[in-house]
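Using numbering that gives the first Met the number 0, read the sequence shown as starting at 0 and increasing by one per residue.
The C-beta atom is built at its ideal place from N, Cα and C for all residues, glycine as well.
The structure appears right after this line, and notes come after that.
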Amino acid sequence: MSASSTTPSPLQGVKVIELSHLIAGPYCGQLLAEEGATVVKVEPPEGELTRHREPMRQQDGKEISGYFGALNRGKQSITLNLKNEKGLQTLHQLLEGADVLLTNMRGGALKRLGLYPEDLVKRYPRLIVACISGFGLQNAGKYTEVAGLAMVAEAMSGTTSLTRDHDGNPVWCGFAMGDILAGMTAHSAILLALRNQEQHGIGRVLDLSMVECSLPMVSVALAREQSASAELRAFAGSNNFHGVPYGAFPASDGFVNIGVNRDDFWARLCDAMQRPELGTDARYAKYVERAKRQHEVHTLTEEFTRQFTREEIVAKLNAVDVPVASILNMNELTEHDYMQLRGSFRTVRDGIGGTMQLPVDATRFDPAPGSDLVPLLGEHRDAVLRKALNLSAQDIERLEEEGAFGKTQALASVA
């Protein structure tokens, strides 16, 4: 439920320095910005990695990456050359007045810059240092400096072993689930740490491993594996005990997801397929028996689904209360009637005169003013340095001459 327009944003007054790139860190920072925190995104002179990722939107001689726009709205962008003494000094000055530092740089890079989390908390006792990495910075042994993409975390956490085709072969889920989970976990951890900071005036290091942030996704499967009989484990197949049939099935115009995780759902599905006798057939009536005959059950289900459109299948199964949904593609998503009813997407200004439709914050807190705008590279440098550090135009010009900002590339402009 929306709050009154006069209600302050939940994180109003919280100051965050974001030193992150790609997905996990930026997504966390975007959540904080939408909830009212002032998030200053510190980028290298050439811009963070996703500013370069195709496809690019171009308009009036400017360009912006859709990838970057999806993860960085509502932030203030400045550039700092952290390999330059004055650039690093400026970052430390910003940290003196900050509540949170959010980063997904590797531990080795942080050490080389003199920004190792434990050292920062000693220097700034109130500071919350949230570090997202593939395997964690502490107690990770040889894994500390191993590259940790979401796909790596998904594999090591066992989640990829659960996203399988009907033959039981592992299939990547198709999106950076490990990154989003890590960003959400970091967001929750920061909120808890802010509570401690508010009550006790202390900061802390949040050492978040993408692998561990992904582990809750396998909790049920792990417990089932430890509880199931050897016979059932042998026939778990592609669904890991969720149900049979369970997964994606072809329609005449795409695919649908069908979830039969109860025996009564199976009987209802059989009614919808006009094969009611299968609902009481001893070979299929109970889950354990269907699990032993997954290929047979999937073939029977596909014979039904291939005859109809997605809309027709959904109508037939909804009529008998069997869980089902059309698998929507990105072009269909924003126009779906459910999304329209809920207002599931918001208009985001891309910073170059265009707009994008992107997901709302599902908590439905009113988004903070300005959280719908994607920042251009270095757009807020002068404003941030004047407000946060009380620097004059001459001070900023001197820092520029001393190389604190590097040679900023105007990524917002197309040569």
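CB residue i to CB residue j, shorter than 8 Å?
{"i": "E62", "j": "I395", "result": "no"}
{"i": "N71", "j": "G405", "result": "no"}
{"i": "G28", "j": "P9", "result": "no"}
{"i": "V243", "j": "R289", "result": "yes"}
{"i": "A324", "j": "N389", "result": "no"}
{"i": "A220", "j": "M176", "result": "no"}
{"i": "S343", "j": "P358", "result": "yes"}
{"i": "S76", "j": "L316", "result": "no"}
{"i": "E301", "j": "P249", "result": "yes"}
{"i": "A403", "j": "L31", "result": "no"}
{"i": "L193", "j": "V13", "result": "yes"}
{"i": "R348", "j": "D371", "result": "yes"}
{"i": "N260", "j": "Y283", "result": "no"}
{"i": "V321", "j": "L277", "result": "no"}
{"i": "D252", "j": "R309", "result": "yes"}
{"i": "S213", "j": "T158", "result": "yes"}
{"i": "G369", "j": "G73", "result": "yes"}
Sort the options by Cα distance to residue i and report the nearest one.
{"i": "A266", "options": "K285, F248 and G253", "result": "K285"}
{"i": "D166", "options": "H335, S343 and H294", "result": "H294"}
{"i": "H20", "options": "Q11, D349, I189 and L101", "result": "L101"}
{"i": "V38", "options": "Q11, D262, H51 and P54", "result": "Q11"}
{"i": "F174", "options": "R397, L332, E400 and I22", "result": "I22"}
{"i": "S132", "options": "G253, R105, R111 and L109", "result": "R105"}
{"i": "C130", "options": "K141, A139 and P116", "result": "P116"}
{"i": "D381", "options": "E399, V373 and G369", "result": "E399"}
{"i": "G107", "options": "A146, V321 and M355", "result": "A146"}
I need the DSSP call for residue i, collapsed to helix, strand or coil.
{"i": "K291", "result": "helix"}
{"i": "A2", "result": "Bear in mind that a pLDDT of 48 at A2, under 50, signals an unreliable position, so the model cannot answer this."}
{"i": "Q408", "result": "Residue confidence for Q408 is low, a pLDDT of 44 falling below 50, so the modelled location carries little weight and cannot support an answer."}
{"i": "G68", "result": "helix"}
{"i": "L205", "result": "strand"}
{"i": "V13", "result": "coil"}
{"i": "P7", "result": "coil"}
{"i": "R415", "result": "Any question about residue 415 goes unanswered here, given that the chain covers just 0 to 414."}
{"i": "A146", "result": "coil"}
Can we count residue i as close to the ligand NAD, meaning its CB is less than 7 Å from some heavy atom?
{"i": "P44", "result": "Only the bare structure without any ligand can be found here, which leaves the ligand NAD out of the picture."}
Which residues mark the beginning and the end of the beta strand (DSSP E) in which residue i is found?
{"i": "G173", "result": "Run containing G173: none; DSSP gives neither H nor E here."}
{"i": "G253", "result": "G253 to G258"}
{"i": "T102", "result": "V99 to T102"}
{"i": "V41", "result": "T37 to E42"}
{"i": "I63", "result": "K61 to S64"}
{"i": "P358", "result": "T354 to P358"}
{"i": "R345", "result": "F344 to R348"}
{"i": "Q57", "result": "M55 to Q58"}
{"i": "I395", "result": "Element bounds for I395: not the beta strand (DSSP E) but the alpha helix (DSSP H), A392 to E400."}
Which residue marks the beginning of the alpha helix (DSSP H) containing residue i, and which one marks its end?
{"i": "I312", "result": "R309 to A318"}
{"i": "L30", "result": "A23 to E33"}
{"i": "I326", "result": "That residue, I326, is in no alpha helix (DSSP H); it is neither H nor E in DSSP."}
{"i": "M150", "result": "A149 to M155"}
{"i": "P275", "result": "It is not in any alpha helix (DSSP H) - P275 carries neither H nor E in the DSSP assignment."}
{"i": "G86", "result": "E84 to E95"}
{"i": "Y337", "result": "D336 to R341"}
Worksheet item: At a cut of 8 Å, does the stretch 54-68 reach the stretch 85-95 through at least three beta carbon pairs?
Response: They do not touch, by the three-pair rule.
Worksheet item: At a cut of 8 Å, does the stretch 29-49 reach the stretch 202-211 through at least three beta carbon pairs?
Response: Segments in contact, no.
Worksheet item: Between the stretch 173-183 and the stretch 118-125, do at least 3 Cβ pairs fall closer than 8 Å?
Response: Output reads no: the stretch 118-125 does not touch the stretch 173-183.
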